[in-house]
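Here the sequence shown is numbered in numbering that gives the first Met the number 0, starting from 0 and rising by one per residue.
Here the structure comes first, spelled out in structure tokens, and everything after it is commentary.
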Amino acid sequence: MSFPRHIWYYRKLIIILFFPLLFLPLPLITKTKESECAFTMLVVAIYWLTEAMPLSVTALLPALMFPLFGIMKSSEVASVYFKDFHVLLIGVICLATSIEKWNLHKRIALRMVIIMGVNPGRLMMGFMLSCVFLSMWLSNTSTAAMVMPIVEAVLQQIMNAEAVTDVTQNTMNGFTNQALELHEKESVMKKLEEKGQIELECCKEEIVKEKENEQMKQKNKGMNGYCPDGDIQASKVEPDEAMKEEAVSKYKSEKDHNLCKGMCLCIAYSSTIGGLTTITGTSTNLIFAEQFNMHYPECHCINFGSWFILVLPMTVIIMVLSWVWLHIIYFGFNFSKALEFRKEKSNREKASIKLIEEAYKKLGPMGYPEIVTLTIFCFMAILWFTRNPGFFPGEKEYTTLITWKEFQSCMPWEISLLVGGGFALAKGSEVSGLSLWVGSKLEPLGTLPVWVIVLVSCLIVTSVTEVASNPATITIFLPILVALSEATHINPLYLLIPSTLCTSFAFLLPVSNPPNAIVFGYGHLTVMDMVKAGLGVNIIGIVVVMIAISTWAIPLFDLKTYPSWAQDLRNATIP
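Okay, here's the thing in structure tokens:
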């Protein structure tokens with residue numbers, strides 16, 4: 000094994016050992032609480048961004064380092080590892096597990112698609128609406144994992160229906176449609192068999208040979224998965240592209256391939272976009288809400304209702320523009336077909352609607368557990384909007400919706416510890432005075448226009464979140480953005496809300512977030528497909544967030560006024 004390969008193989012161990020030694024002079028030379036806290040934050044940030052150690056293990060480092068440096072007592076650090084966030088997370092996971100167990104999410108998704116119709120453009124919008132709604136209450140990973148098998152089945156049915164239509168065409172550019180010939184021969188075989196004029200086995204042999212020849216021709220087709228001129232030779236196909244050719248050979252036409260690409264990307268993007276809408280929709284929203292309440296306990300402006308009112312219009316606009324963008328890329332500029340609801344359906348539409356309706360019928364009528372889950376879901380949503388219920392009926396007999404093992408298997412303990420580590424870092428930076436020191440160094444940025452500071456913050460977190468996990472990114476940047484807002488005398492919500500939303504805009508790469516990886520695994524997409532489409536969605540998201548934070552968010556949260564509940568670093572004493 001060569002030296003570079005050794006380095007790559009042991010890269011995580013090298014990161015774990017090298018960076019603490021690199022930053023060690025910081026606390027040893029300066030010997031201040033701020034430098035010791037900064038050392039801890041830098042090491043944790045590097046470990047989180049590189050994932051050299053599991054995120055949850057890294058999150059426990061402040062519990063070791065802060066008492067070691069004398070920044071906080073062990074009891075003080077431990078107390079921040081379990082807060083209101085964790086109780087809320089447990090409740091959300093319990094509800095989501097029950098919804099998935101009793102197929103309520105599948106019923107909602109299928110019903111939404113049936114209502115929207117199955118024209119490619121409308122079908123895409125139907126699946127996007129389903130994913131957006133589901134990901135408001137479920138994780139984006141669960142949403143994508145649930146909807147993609149349905150989408151894949153619909154795509155296969157659509158392509159099979161199109162193949163039936165294609166066999167009726169005779170020739171194109173001198174290329175004989177082999178599928179039509181085989182279909183005719185199979186029909187002749189059945190007739191001859193009935194009349195007893197020829198032996199069945201002889202005819203079968205002939206068809207098998209024809210099919211083998213057809214398969215050999217398929218292997219020699221062009222890279223688009225279809226052969227317009229029938230004159231492509233095997234020698235033109237490069238050996239290193241064999242895998243790519245095998246992946247696209249299942250498509251009868253470029254139209255089919257584009258359909259698969261568009262549907263896969265719409266699921267990945269809408270599963271993430273929908274989570275922006277509610278505080279519980281993504282872990283980044285929850286982390287922001289809890290850290291904000293910890294930094295500013297006197298502010299009661301961030302709650303489920305105010306967040307929903309702010310972000311719902313953003314979600315709708317981003318979803319519609321993303322649909323338009325994907326439609327242009329993969330279906331063209333002709334939106335009339337998607338908007339017209341004609342009575343007569345094509346073979347594609349008939350096949351796909353039949354499959355969807357059959358899948359919906361298989362669910363059967365709603366049973367008792369599904370009804371109870373839906374009731375709890377609605378009741379919990381109402382309570383989140385209205386807050387603080389003061390009543391509940393007495394105990395009744397009930398059927399267990401989920402077991403402890405089911406909850407335990409779905410509970411993201413890693414995220415729970417990660418958030419606890421973020422709380423510990425935030426508290427340590429406050430106690431040590433590091434936040435004041437960072438704020439004082441960022442104060443000159445106050446001369447810049449507010450929209451420039453907000454835009455730069457959004458661009459930075461959007462770039463970082465493409466290669467780092469969303470929870471780790473927001474956990475690292477929130478304390479910095481809090482210090483920046485206080486140093487520049489900007490309402491903290493002006494910076495924190497758009498940066499939190501942009502942390503979810505991880506659309507470029509398969510590794511950027513789990514939904515991207517799930518749809519990429521179905522084999523319809525290349526990395527460049529995701530980059531091309533994802534860049535447009537990223538730009539759409541950032542532009543919509545900037546417009547929202549500069550318009551209807553201002554009167555909603557009084558963003559033009561520096562609040563009394565935020566610290567004014569201009570009057571603070573730097574230790």
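All residues carry an ideal CB built from backbone N, CA and C; glycine is no exception.
Computed from a predicted model, the values in this text were never measured in an experiment.
Open item on the list: What residue range does the alpha helix (DSSP H) around Thr560 cover?
Closed with: Element bounds for Thr560: n/a, residue is neither H nor E.
Open item on the list: Rounding to the nearest angstrom, what Cα-Cα distance links Thr461 and Gln290 in this structure?
Closed with: The straight-line gap from Cα to Cα measures roughly 20 Å.
- [ ] Would you mind sorting Arg4 into buried or exposed? The rule is 16 or more other CB atoms within 10 Å of its CB.
- [x] exposed
TODO: Identify the continuous alpha helix (DSSP H) that holds Thr372 and give its terminal residues.
DONE: Run containing Thr372: 367-385, per the alpha helix (DSSP H) assignment.
TODO: Below 7 Å CB to CB, which residues in the same chain sit around Leu54 once its five sequence neighbours on both sides are set aside?
DONE: Trp47, Glu413, Leu417, Ser468, Ala471
Open item on the list: Distance check for Gly445 and Lys559, CA to CA, integer angstroms please.
Closed with: Distance between the alpha carbons of Lys559 and Gly445 is about 14 Å.
Task: Check whether Cys354 and Ala143 have beta carbons under 8 Å apart - done: The sequence given here has Leu at residue 354, not Cys. Not a contact, by the Cβ cut-off of 8 Å.
Task: Inter-residue spacing [alpha-carbon to alpha-carbon] between Phe68 and Phe287 - done: 27 Å
- [ ] Return the residue from the list Lys531, Ser1, Leu63, Pro312 that minimises the CA-CA distance to Gly427.
- [x] Ranked by Cα distance from Gly427, the first of Lys531, Ser1, Leu63, Pro312 is Leu63.
Task: Under the three-state DSSP convention, the category Leu362 falls into - done: coil
- [ ] State the Cα-Cα distance for the pair Cys259 and Val437, rounded to the nearest angstrom.
- [x] 48 Å
Open item on the list: Rounding to the nearest angstrom, what Cα-Cα distance links Ser498 and Ile541 in this structure?
Closed with: 10 Å
TODO: Could you have a look at Met123 and say whether DSSP puts it in helix, strand or coil?
DONE: Met123: helix per DSSP, three-state reduction.
Open item on the list: I want to know whether the stretch 515-524 touches the stretch 325-335 - three or more CB-CB distances under 8 Å.
Closed with: no
Task: Terminal residues of the alpha helix (DSSP H) in which Tyr250 lies - done: First-last for Tyr250: undefined, no H or E at that position.
- [ ] Answer with buried or exposed for Leu325, where buried requires no fewer than 16 other C-beta atoms within 10 angstroms of its C-beta.
- [x] Leu325 should be labelled buried.
Open item on the list: Once DSSP output is grouped into helix, strand and coil, what is the label at Met40?
Closed with: helix
Open item on the list: I'd like to confirm something about Ile6: is its beta-carbon nearer than 7 Å to some heavy atom of the ligand SAM, or not?
Closed with: Absence of the ligand SAM is noted for the structure shown, with no ligands found whatsoever.
Open item on the list: Check whether the stretch 448-460 and the stretch 269-278 are in contact - that is, three or more C-beta pairs closer than 8 Å.
Closed with: no
- [ ] Along the alpha helix (DSSP H) that carries Ile278, what are the first and last residues, could you check?
- [x] Note, Ile278: premise wrong, no alpha helix (DSSP H); not H, not E.
Task: Three-state secondary structure assigned by DSSP to Pro509 - done: Shown here, Pro509 sits in coil according to DSSP, grouped into three states, outside any helix or strand.
TODO: Tell me whether Glu289 sits in a helix, a strand or coil according to DSSP, three-state version.
DONE: The DSSP-derived three-state label of Glu289 is helix.
Open item on the list: For Ala267, which residues in the same chain have their Cβ closer than 7 Å to its Cβ, ignoring the five residues on either side in sequence?
Closed with: A distance below 7 Å between beta-carbons, with the five flanking residues on each side excluded, links Ala267 to the following residues of its chain, in chain order: Ala143, Pro514, Asn515, Val518.
Open item on the list: Here's a check: name, in chain order, each residue in its chain whose Cβ is nearer than 7 Å to the Cβ of Val587, leaving out the five neighbours to either side.
Closed with: Residue 587 is absent from the model: the chain starts at 0 and stops at 574.
TODO: Identify whether Val449 lies in helix, strand or coil by the three-state DSSP scheme.
DONE: Correct three-state label for Val449: helix.
Task: Inter-residue Cα distance where the pair is Ala51 and Val526 - done: Their Cα atoms are separated by approximately 24 Å.
Task: Under 8 Å between C-beta atoms of Gly611 and Thr474 - done: Missing from the structure shown is residue 611; the chain here goes from 0 to 574 and no further.
Open item on the list: Using only the alpha-carbon positions, how far apart do Ile553 and Ile496 sit?
Closed with: 12 Å
Open item on the list: Quick check: Glu465 and Leu507, are their CB atoms within less than 8 Å of each other?
Closed with: yes
TODO: Report yes if the CB atom of Cys409 is closer than 8 Å to the CB atom of Ile92, and no otherwise.
DONE: With a cutoff of 8 Å on beta-carbon distance, Cys409 and Ile92 are scored as near each other.
Open item on the list: Is the separation between the beta-carbon of Ile98 and that of Leu137 shorter than 8 Å?
Closed with: yes
Task: Cβ-based burial, Asp557 [other Cβ within 10 Å; buried from 16] - done: exposed
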